[in-house]
Each structure stands twice: as C-alpha cells, then as structure tokens.
Amino acid sequence: MKKRNLMLQTVGCVAVAFLFLVPLWRLVLMSFTQHDGSFSFGNYTALLQEPRTLRAIGNTVVISLAATALSTVLGVLFAFVVAYLNIRRKKLLELLVLAPFIIPSYVITISWTSALAGNGEVNRLLRLLHLGPVNLYSLGGIIFILGICNIPLVYLTTVNMLRKIPRDLEWAARASGCGQWETLLRINLRQAAPAIIGGSVLAFLSCIDNFSVPAFLGIPASIPVLSTYIYEKAISFGSQAFSMASALAVMLSVVAIAGSLGISAFSQKEKQADSIRADFSERILLKDKTRRWVEWISIGVFAVIDLVPLLTMTAASFQDLYGQSFSLKNFSLQNYRFLFTNSGISSAVGNSLMLSLVTCAVCILVGTAAAYQKLHGSGPAVRLLEACSSLTYAIPGIVLALAMIFHWSAIPGVYGSIQILLVSYVTRYLILQVKGSSAAMLSVHPSLEEAAHVSGSGNARMWKRILIPLLFRQTISSSLLIFVSALTEMTLSSILASAGTKTIGLSVFNLQQSGDYNLAYAFSVLIVLLIICGYALVQYVCREPVKKEKCERRRNAGLLRLYPLKASQKMEESAL
Amino acid sequence: MSLKISGLSKKYGDHPALWKVSAEIEDGEFVCILGPSGCGKTTLLRLVGGFEQPTEGFIYAGDVLYSSQEECIPVERRDLGMVFQSFALWPNMTVRQHAEFPLRQKKYARMDAAEKQKLIDRTLESVGLAALSGRYPDELSGGQKQRVALARAIITKPKILLMDEPLSALDAELKISMRKEIQDIHRMTGATILYVTHDQSEALAMADRIMILKDGEVEQIGTPKEIYLHPRTPFAATFVGKYNLFRGTWDSDRFYEESSRVCFPGQTVGPELKKLGLYPVRPDQLQIEKQGNGIPGKIRNRQYCGREIHYSVESAGNLITVYAPIQTSYDLNESVVLIKKEEIG
C-alpha cells in the first residue's frame, strides 16, 4: 500500500512538472539562446539597446501606473459609497460597478471605440462643449479603458474590508472626540489601507497582463507596450524572433512576480483587526436630499461608463457603413447576417464553446480531486500542483502562450491543432477550480463523510449521495468563471490558434484589425448576450432550494455572490 | 454629571428595542443596566452615547439636552468616554498612541507637549500599563487590552463613562480582579458610570444602583440590596436572586401556598407579586426535612457544589431549587417537605 502511494506521488509530481514547470523552463532557456545555439545574455542586451524596447517598457509602466491610479480612486470611492452610505439602489450600483468584470476587456474597448468614433455623436457633443474630439487611440485612451476595466478589482477588495472594520473601532474614536469624517480618515481608511493597496497591486498586475486593450488601441497608434511588443516579436519572422520574444517575456514576468510577492509580503506584515464578520449596516446617514444626489450621481457615472458605449455599439452594429451617424433609414441586419452565415465565424464560436466546456470539465475533475486530496492529508504532488498552477495563472497570458509554443511544439501532434489551446486553457485556469473546490470542500465538515461511512456507505455511494449534492452549487459557481474566461479568451489564442482553430476572441481581434468595425460591434453584442445568458443559466441551475427564511437573504446576494469569490481567488493567486 | 432620561423609546422598524424608559442618575453614581441579551440594554447605552437617535423621549446631561427626536449632539461633543466588550483597540496603534489619541482634539491644542506626555504617563500608570506602552494590541492579553481601553476612556477625565459589558470577553478569574480596578477608576475619576452587563453578580458587586431591563422596559431600579432582598417583579426575583416563586393566595400580609396551605409571613413582598399571587423564596431560604409542616415534594436532582448541595425538588408540578448544607443527604425520588427558614435580621 505504502509503495503504491509513493509511486502515485512520484508519477503525480512528474506529471505536474511536465505540464506546468517544463514549459516555463523552456521559455527561460529560449530567452538565453543565441542563433548559434549557445547561451548568453545577448538577447537581453540587444533588446535593451533597441529604442522601441525602452519605449515599450516606459509605456507599460506609465500606462499601468496611471490606469491603476484611476481604478483605485474610483474603486475606493464607490466601495465607500456602497459600504457605508444610506443610499438606496445599492444592488443596481454594485451591478454597474462590477459589469466590467464579466465583460471581456476587448468588448469594453470596442464599445468605447464605437462611442468615441471620430465623428460620432459623443465626439460631436464634446466638440460643441469645446472639449475637443477625444481620440481613444492614444496613451490616454489606453489608460482610461484599462482604468475602468480594473475598477472591480479594487472595489471588491476594498468594499469587503470596509464592511469588516468593526463599528466599535469607529465609535471608540468618536467617543475620544473625533468627528465623523475625521474618524473615517484616521480609523477606517487606515484600517482599509492594506486592502486598498492589495487591490491596486492586483489592478496594476492586471494592467501589465492585459493584451487586448493595448492591442486594439495601441497597435493602430503604434504605441507599444510589453505585451503587444512580445506579440509583435513572436509573430514576426527572423531567426531570433522567438528568443527575443522570450527575453521580453521573462522581463515582463519578473515585474509581475515581483508585484505578487510584494503583496503577500505586505499583507503579512500589516496588523489587522480581529473581527472578520462583515457588517452591512449603514454607517453614515445622509440627509434625504444629499442622499438622493449621491445616489443618482453614482448611478449616472456608471451608466455613462458602462451603458452608453454598449448602446452606441449596439446601434452601430445595425448600420451597414462604418462611421455614419445612426438613423433608422440605414438600419440593416447585414452585419448579423454575415456573422450567422460566415463559416469562419461559426467555426470560431463552435471552437470556443467546445474549448470552454472541455476546459471546465477537465478542471472540475482534476480540481475537485486535487481539493479532496489537499484536505485529506495530501502528499507532495497536490501541493506542487497548487503552487505550479498558481504560477501559470500569475504570469501574463502572453508569456504563458509563448511557453506553451516552446514546450508543445517539441511534442508531435499538439502544436497547430486545437489541443494546444485546450492544454493551455487548463494550464491557465486550473487553479481557479482548485481554489473554488477547496472552498466548497471546506464547507463540508469531515464528520459528514465519516457519518456516511459509519452508516455503511461505500466510497462511491458517499460521493454520489453526500459529497456531490453538497459541493455541486459552489463548484459550478467557480467553474462558471472558467467557462466565461475561456469562452471570451483572446490573449492565448492570438498566439496559439491556427487557421482552423480560431476562437471568438481572435475572430473579434481579426475583424477589428482588418477594419470591419461594424462586424466587430455586432459580434461584441452577441458576446455580451452570450455571457448574460450563461450567467442566467448558472443562476438558475445553482438557485438555492427555496427555504422560507433564506429566501430573502439569497435574493439580496443574488447574482453578485459570484464575483467576490473570483476577486479573492485572484488576489490569492497573485499573491502566490 | 447627572443624567436624566425620560420616556426614552427606540424603534427599529416596527420593533421597539426600548420602550418609555425613564431614570434619573446622579452625578458620580455607578449605575448597572442589567438584563438578558436582547433586552435593549446596549441600545440604551448607545442612545446615551449619541451613536443612535431616539424615536421618542429625552436625554439631559445636567441642563444640556443631549438627545431627543429632533436634537442629537454628536458623540464627539458629548463629555464621555466609552469602553467596549470587544475592547475596540486600533490594531495599528501602540498602547501609548491609544492613550494619546483623545488628546489630539482641538480642546487640548493649547496644552503643551510635556504636559501631555506627563498626563499619558500618569494615566497609563494608573491602569498598570506603564511598562507596556510600546506594545501593539495583538501583543497584549485580554485583561491588558481592556486596561488600554480604560486608559483611553479616562484620559480626558470625561464626566460620563459608558461601559458595554467590558468584562464579558475575559475569563472568570480575571473578571473578578478587573471588577476591583473598575471600582478604583470610579472612585478616582468621580465620573458617572453607566455599566451594561448581563452578569447579576457583577451588577450586585459594583453598582450603586441597578436598573433591570426586560424586553426594552424597566422592571426595577434600586440599590443592589433592595433588588436582591426585595424584588418587585417576578423577573427581577428570578433573574437576580434566583428566587423560587410559589403560587398561592394572599390574605393582606399573609401568604397561603396553594398545594399545602402552609402560611408564610409577607410584610416585605411588593404589591406586584401580591397581585399575581406569587411568593418569592430564595434557594438559601429553604430547608429540606424528611417530614414536618411544610410543602411536600420529591427530590428530582442533586448537584454537589463543594460548599453546598443544590437540590431540585418537584412540588405540585414545579421544580424548586434549594441550596442545602453538605451534611444533608437525600436520595433521588425521596419524599421530603420544604420549610422556610426563620428570617434572621
């Protein structure tokens, strides 16, 4: 028995190393490979002498810092409004704040390009107000879009922390002679600082990682950032193309991993209040009139950020010519007709659906098994799996894509087929399921299993009758995240997909690159609809069995209970 | 500072957490608000503190209106200090910074730094924390944490001290020794103290007067002795003195128990209990005999407690608790009679 276990552990460790670590190792090796096959720092020195590299690094830093500042200010502000003020319609506001979380960033980018099209309505209005036409294809544009894409990250970490600060701490300060606003500054903000910093580091990492926004806005305007620069290097020809790209990838990963380690070091040092209970009461009561103003301004801001671009995009998707102002006369279904009849598009949709379903299935099986092992006195294999899959989630997607090429092209029959995408997706998203399933397992007390065994159930029956029903809902919730991410994934597929294996994300990218903007709009509208349907379906499947007392609470938690899970997972992941 | 509370009510939605509470508290008095959980005692404290606004009634401190339906002076402008059950220490500040925090108010802007430091030193010394002034809350024990909270609450010498179950989070032995420290602080500062607790022995031991709350209404206000010896309501009797309540009929000052017609003298029993046909007897006022002229019953349970034995005796369907000396020995299901001991003093 013991011998068999040892063998299993060894096989497990080797498999994990082969699937997760060897690709990254090959990437690092590749970055040191010269064209004669020898190893040296040559690629790095060559890159750092290129002015375009320096510009890319500079742009990455400037864009990420500025976008992070924007997300932090807005995220913290609205976290404060939702957590503490007595405004109504909090659920609507929270939904609007969190919308960029489920809509992929390239759809947000496309919707904004439609809203701020050169001579569109919005720009005409701005010109009337002497604010000039706004050009989204610029440094400022990239910063703005990345900023709003990452508001949810800061918002979620902050809003939970703000709710967890015990009211006693505030009251003690008030009783010590501090006014309400001073208390907020000196007590609440101070206590929430670690969460705010953690959230903004996440936003920063997500900016570095992001490929689609700079690809859509930066490539046409020739503003390179590291992720798009790696992409350009990787798809360019030349003997050193891959080596150069991997050298850049290593540099980018160093920044990302340093950031992740930074958070974990910081969050361990910080002294935290011991209360861990979230308090949902309204702490600051505004007068009726002020309350209404705050409420409508907040909702208005996010309506402009989320809904206006989506509306203009939808309107533009029904026009046959790009750039004309919307009118019923030009109403046409031509774009949608194209999308539904073009074989390339339908195969892309089919590919993405298939990929995300299979990815989910694999992740659920492996992730749940790993979580079960982990909570039942695991061997080294599971711990290795967790660490390695965290690593492949923390590094930027474009870096992982390169590593995948180097690794799987050495194994015949994978690279160039759809398998490479499948393997990459599992490598990328597995950790989400491991964390999700572990959380689900933790909520099932081990004594329930023991009770099942004592009552004479074998292993199979115990899983079927006890564990699966209890774990089902939470497991599905976390695999939904994987499903939506895989369905709308663009970074990995932009490098790994080949002619017959295009995905949804890549098709949108290609449409946008070839100037078929209205088609891209129409496709984005379909993606948003698809995501909404997916969430609705999962909500329906995972709805709580109706119990009287729980009913109310569940309704309040509603759709939103899925988000915090992802945010906290992402934070843990990044913190390695 | 004296406190006058009149007709105070607080509703959450339709549910009244506090209903028409009135009390007059004298300057420098130590008043315990005693009641089971959910009786509204913390709500009352929060209203006095100004953390919440009453739906009805007034709170006056001296001649100043603190709270009413229209007015609510903000917490920071009331002359009070507060101590919490959870200690409410700020995790990022040292012991010394906690004591210093209240001195940052504008009022103390004129005070020079050396004088402030001296005041902090003296205050920390008075609660026995002088040696720990550089520690953070997570490096302190429960008792030390509560001392920090006390130092923070008293450093500005507030006229009113509010204490919300300050000892509940401490272990049993520490509770007893901290009682003395709180009494010392009361004597030292001369502040009016409102002290919320659900622990009867704490209230009896420390308070000048006790206010018993039940379901948001006042049951009885009085000195510990009055409440212990002469409870006015069934709740006050059972909650504080653990009284057994016998059912029977009153004939002016004489009580006839319903099952045995045994007669008890009752000059000191309050009118409310009389009206309900109840007679309160504490477990230590009863004596168990094998036979005699008393209330018949059967021993249902015994618990050996070291100093005495607690018997549960079933009589006419009720369980009566009796604290008997350890020499006594009765078996389960033994038939006995209960006799009320002669009152001494």
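Here the protein sequences line up with chains A and B, keeping their order. Everything in the first sequence is counted per this note's numbering, starting at 1 for the first residue and increasing by one. Everything in the second sequence is counted per this note's numbering, starting at 1001 for the first residue and increasing by one. The beta carbon of each residue, even a glycine, is placed where N, CA and C say it ideally should be.
Per-residue contacts from residue i into chain A (C-beta, under 7 Å)
i	result
B:Met1082	Trp171, Ala172 and Ala175
Interface partners of residue i on chain A, CB under 8 Å
i	result
B:Val1095	Under the 8 Å cutoff, chain A gives no residues; its nearest Cβ is about 13 Å from B:Val1095.
B:Val1148	Near B:Val1148 there are no residues of chain A at all, since even the closest Cβ is about 11 Å away, more than 8 Å.
CB contact below 8 Å: residue i versus chain B
i	result
A:Ile187	yes
A:Gly179	yes
A:Asp279	no
A:Asp168	yes
A:Val546	Because A:Val546 carries a pLDDT of 49, less than 50, the predicted location of this residue cannot be relied on, and the following value inherits that uncertainty. No, A:Val546 does not count as interfacial toward chain B.
A:Arg553	The predicted model places A:Arg553 with a pLDDT of 40, which falls under 50 and marks its position as unreliable; any figure quoted below should be read in that light. So no, A:Arg553 is outside the interface.
Residue i versus the options, residue with shortest Cα-Cα distance
i	options	result
A:Gly42	A:Ala371, A:Phe32 and A:Ala215	A:Phe32
A:Leu162	A:Ala172, A:Gln180 and A:Ala192	A:Ala192
B:Gly1134	B:Leu1174, B:Val1148 and B:Gly1142	B:Val1148
A:Gln240	A:Tyr44, A:Thr10, A:Gly259 and A:Asp516	A:Tyr44
A:Ser281	A:Tyr84, A:Phe80, A:Gly413 and A:Gly37	A:Tyr84
B:Gln1085	B:Thr1055, B:Glu1076, B:Gly1142 and B:Gly1128	B:Gly1142
A:Thr157	A:Val16, A:Ala203, A:Phe144 and A:Trp171	A:Ala203
A:Ala247	A:Trp463, A:Leu402 and A:Lys329	A:Leu402
B:Ile1339	B:Tyr1323, B:Asp1251, B:Asn1333 and B:Glu1029	B:Tyr1323
A:Ser507	A:Gly350, A:Ser477 and A:Thr427	A:Gly350
B:Arg1254	B:Asp1184, B:Ile1073, B:Lys1274 and B:Gly1241	B:Lys1274
B:Leu1129	B:Val1095, B:Tyr1311 and B:Gln1105	B:Val1095
B:Leu1047	B:Gly1062, B:Phe1030, B:Ser1037 and B:Val1021	B:Val1021
A:Thr68	A:Phe39, A:His130 and A:Leu153	A:Leu153
B:Leu1162	B:Ala1172, B:Leu1204 and B:Leu1150	B:Leu1150
B:His1198	B:Glu1173, B:Glu1181, B:Asn1293 and B:Ala1169	B:Ala1169
B:Leu1119	B:Gly1013, B:Ala1205 and B:Pro1102	B:Pro1102
Integer-rounded CB distance, given that residue j should sit under 8 Å from residue i
i	j	result
B:Ile1033	B:Met1211	5 Å
A:Ile230	A:Leu146	With a Cβ gap of about 17 Å, A:Ile230 and A:Leu146 do not count as contacting.
A:Ala499	A:Leu355	Not quite, the Cβ-Cβ distance comes to about 16 Å (not below 8 Å), so this is no contact.
A:Glu295	A:Ile102	With a Cβ gap of about 24 Å, A:Glu295 and A:Ile102 do not count as contacting.
B:Leu1080	B:Gly1049	6 Å
A:Leu100	A:Ile151	Here residue 100 of chain A turns out to be Pro, not Leu, going by the sequence shown. With 8 Å as the limit, A:Pro100 and A:Ile151 qualify as a contact, their Cβ atoms being about 6 Å apart.
A:Ser477	A:Gly534	So it is not a contact: roughly 12 Å between Cβ atoms.
B:Phe1058	A:Trp171	Contact flag wrong, Cβ pair sits at about 22 Å.
A:Pro23	A:His407	4 Å
Beta-carbon gap between residue i and residue j smaller than 8 Å
i	j	result
A:Ser105	A:Leu310	no
B:Asn1244	B:Pro1271	no
A:Val134	A:Asn119	no
B:Thr1233	B:Ile1288	no
A:Ile504	A:Leu432	no
B:Leu1065	B:Thr1043	no
B:Lys1010	B:Glu1024	no
B:Ser1259	B:Ile1299	no
B:Phe1235	B:Gln1146	no
A:Gln512	A:Phe216	yes
B:Pro1091	B:Pro1137	yes
A:Met490	A:Phe211	yes
A:Leu385	A:Ala370	yes
B:Thr1192	B:Gly1317	no
Any chain A beta carbon closer than 8 Å to residue i
i	result
B:Ala1088	yes
B:Arg1110	no
B:Phe1051	yes
B:Glu1076	yes
B:Gln1105	yes
B:Arg1152	yes
B:Gly1345	For B:Gly1345, the pLDDT reaches just 39, beneath the cut-off of 50, and the residue's location in the model is therefore unreliable, leaving the point undetermined.
Contact list for residue i against chain B, beta-carbon separation under 8 Å
i	result
A:Pro224	Near A:Pro224 there are no residues of chain B at all, since even the closest Cβ is about 42 Å away, more than 8 Å.
Within chain B, the residues that residue i reaches when beta carbons sit closer than 7 Å
i	result
A:Arg190	Asn1092
Residues that residue i contacts on chain A, provided the C-beta gap is smaller than 9 Å
i	result
B:Phe1101	Ala172, Ala173, Ser176, Gly177, Cys178 and Arg186
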